[in-house]
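Numbering (our numbering), first residue to last: 43 to 145.
Spelled out as structure tokens, the structure:
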């Protein structure tokens, strides 16, 4: 998730556009939703997949997602909320051969 988040950020676009934190967050969640709908990723934690529809899973994820850059870094490992216990799930990449890459 960290790599996707870092590349959603305007700095990854050489500052050509500026997004608010909210816009970055929504773009990130839209991208995760697209990957989930395409069957490329699932959300999981502790060896268990989150349950519910893609929308229900993302609604729960969105509800716990930080609302500011400061919240994103608060208590996070290396400044990434995704790597903290507060993050409800990580990405599980689903390969074409069925292999699950838990991140």
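No residue lacks a Cβ here, since even glycine has one placed at the ideal position from N, Cα and C.
Taking all protein chains shown into account, residue 97 has fewer than 16 neighbouring C-beta atoms within 10 Å of its C-beta and is therefore exposed.
No residue range can be given for residue 127, since it is assigned to no beta strand (DSSP E) and is classified by DSSP as neither H nor E.
Nearest to residue 105 by alpha-carbon distance, out of 84, 125 and 131, is 131. When DSSP states are grouped into helix, strand and coil, residue 90 belongs to the strand group.
When only Cα atoms are considered, residue 71 and residue 141 end up about 24 Å apart.
Exclusion of the five residues before and after residue 88 leaves no residue of its chain whose Cβ lies closer than 6 Å to its Cβ. Of 67, 60 and 58, the smallest CA-CA separation from residue 107 is found for 67.
Note on geometry: alpha-carbon atoms of residue 86 and residue 133 lie some 6 Å from one another.
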